[in-house]
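Chains as they are written, first to last, in this note's numbering: chain X, 2 to 122; chain F, 6 to 112. No residue lacks a Cβ here, since even glycine has one placed at the ideal position from N, Cα and C.
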Amino acid sequence: EVKLVESGGGLLKPGGSLKLSCVASGFTFSNYWMHWVRQAPGKGLEWIGEIEYDGTETNYAPSIKDRFTISRDNAKNTLYLQMSSVRSEDTATYFCTTSLLAPEAYYFDYWGQGVMVTVSS
Amino acid sequence: DIQMTQSPSVLSASVGDRVTLNCKASQNINKYLNWYQQKLGEAPKLLIYNTNNLQTGIPSRFSGSGSGTDFTLTISSLQPEDFATYFCFQHNSWPLTFGSGTKLEIK
């Protein structure tokens, strides 16, 4: 069974840092691009970035570029999102997702349950 | 960035109705448009990918169409479990972007 399980969320102050994790199981993690998508409370979805198979290529949405970093550890089947210089508008549920339908595609057929991050003074 | 505009933002309908949800891209996205369903407190679920490909396990009452900038998701006969929020998503170019959603409510 495919599973994506996020962790590491919580409450932090503006300007702070936090690292989210997403542990994958049930598929060969190193064969798939991985993505982070977030959703502010009561709002829509926002794709925030992606990382390729071995971590050498990443792409980010402008809203988080230069503040957040996506990385992965294929030996641990784990995806990470390092959040820095956070702002109140980063308050959201963060989902990891991937496309098992096709390794390089953007179909997002599997999702984690999400982890909440709240930025507040 | 490509802006995705969904309409209507809220749609009230009854079980058995045929409904059409719209998604318009600010520029040509070819066929690279997906549809997701999201229920409160849950992760999104893929319904349709690349405009008109039904994801495995999704009922055939869901269908997608369109090309270029204008796309639609049609539910042929609403079932009680279909009342949810639906998002379109373009993956033609970075940054990838979602629409703001259509909330499908029970009339």
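Distance between residue j and residue i (C-alpha atoms, nearest Å)
{"i": "A93 of chain X", "j": "S121 of chain X", "result": "12 Å"}
{"i": "G104 of chain F", "j": "N55 of chain F", "result": "15 Å"}
{"i": "K112 of chain F", "j": "T29 of chain X", "result": "44 Å"}
{"i": "A62 of chain X", "j": "S14 of chain F", "result": "24 Å"}
{"i": "H36 of chain X", "j": "V20 of chain F", "result": "35 Å"}
{"i": "S58 of chain F", "j": "G17 of chain X", "result": "The displayed chain sequence assigns Asn, not Ser, to residue 58 of chain F. In a straight line, the C-alpha of N58 of chain F is about 42 Å away from that of G17 of chain X."}
{"i": "Y54 of chain X", "j": "P85 of chain F", "result": "40 Å"}
{"i": "E7 of chain X", "j": "V116 of chain X", "result": "6 Å"}
Proximal chain F residues relative to residue i, where beta-carbon distance stays under 8 Å
{"i": "G45 of chain X", "result": "F92, F103, G104, S105 and G106"}
Chain-ordered neighbours of residue i on chain X, where CB pairs are closer than 7 Å
{"i": "W40 of chain F", "result": "Result: empty, since nearest Cβ-Cβ is about 11 Å, beyond 7 Å."}
{"i": "Q60 of chain F", "result": "D110"}
Close Cβ partners of residue i (< 6 Å) along its chain, the five nearest in sequence each way excluded
{"i": "T79 of chain X", "result": "S22 and V24"}
{"i": "T10 of chain F", "result": "K29"}
Neighbouring residues, chain F, relative to residue i (Cβ below 7 Å)
{"i": "Q114 of chain X", "result": "A48"}
Residues near residue i by beta carbon distance below 7 Å, same chain, minus five either side
{"i": "Y107 of chain X", "result": "S100"}
Proximal residues of chain X, C-beta to C-beta of residue i below 9 Å
{"i": "P85 of chain F", "result": "Going along chain X, no residue has its Cβ under 9 Å from P85 of chain F, so there is no contact; the nearest lies around 23 Å."}
Do the region 69 to 81 of chain X and the region 37 to 46 of chain F meet, that is, are 3 or more Cβ pairs less than 8 Å apart? no
Do three or more CB pairs link the region 86 to 97 of chain F to the region 27 to 34 of chain F at distances below 8 Å? yes
Evaluate contact between the region 60 to 67 of chain X and the region 13 to 24 of chain X, counting only Cβ atoms and requiring at least three cross-stretch pairs below 8 Å. no
Between the region 85 to 100 of chain X and the region 55 to 72 of chain F, do at least 3 Cβ pairs fall closer than 8 Å? no
Extract the residue ranges of the beta strand (DSSP E) inside the region 6 to 89 of chain F, only unbroken runs of 3 or more that lie entirely within it. 9 to 12, 15 to 18, 24 to 30, 38 to 43, 50 to 54, 67 to 72 and 75 to 80
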